[in-house]
Amino acid sequence: MARPKKTSTAAAVVRHRPAITRGADEFGATYRLVCTCGRTGEEHQVRSLARMDLDRHLTTLPLVPEQQQCRDPKRHDRRAWEPCELCEHQTVLFETAEGDPTARLAHSITPDTIH
Ligand SMILES: [Zn+2]
Ligand SMILES: [Zn+2]
Numbered sequence: 000m001a002r003p004k005k006t007s008t009a010a011a012v013v014r015h016r017p018a019i020t021r022g023a024d025e026f027g028a029t030y031r032l033v034c035t036c037g038r039t040g041e042e043h044q045v046r047s048l049a050r051m052d053l054d055r056h057l058t059t060l061p062l063v064p065e066q067q068q069c070r071d072p073k074r075h076d077r078r079a080w081e082p083c084e085l086c087e088h089q090t091v092l093f094e095t096a097e098g099d100p101t102a103r104l105a106h107s108i109t110p111d112t113i114h
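All residue numbers for the sequence shown refer to numbering that gives the first Met the number 0, where the first residue is 0 and numbers rise by one.
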């Protein structure tokens, strides 16, 4: 029987930090959604329309699985739509420690270091 093994796929994460940039055309101020993922919205005369583009962009993003949701968004610099590898890692460690503490201890302490 093959043991179930967790493989960590370190895929490149595209960050979404949408912002509304302010520009100007010959008629006055314009507002536009610009996201760090490369997405840009149309230029609008009204800020709330650019804001709607922003909200719409965020709703199209995939939901973050529960174990990847950040529990300390301020410290980890995460947004609601971003998976947090720090918190995910902590969950994995916690589960490992709880599931088999002796195995983890045996792994971290090697007899060779005691001389
Ligand atoms: Zn984006
Ligand atoms: Zn976190």
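The beta carbon of each residue, even a glycine, is placed where N, CA and C say it ideally should be.
Under DSSP, the beta-bridge partners assigned to L32 are I19.
By the beta-carbon neighbour count (other beta carbons within 10 angstroms, threshold 16), E81 is buried.
Of all C-beta pairs linking the region 42 to 50 to the region 70 to 86, fewer than three are shorter than 8 Å, placing the two stretches out of contact. Counting along the chain, D52 sits inside the alpha helix (DSSP H) bounded by residues 46 to 58. Relative to the Cα of G22, the nearest Cα in the group V13, L32, R14, H15 belongs to L32.
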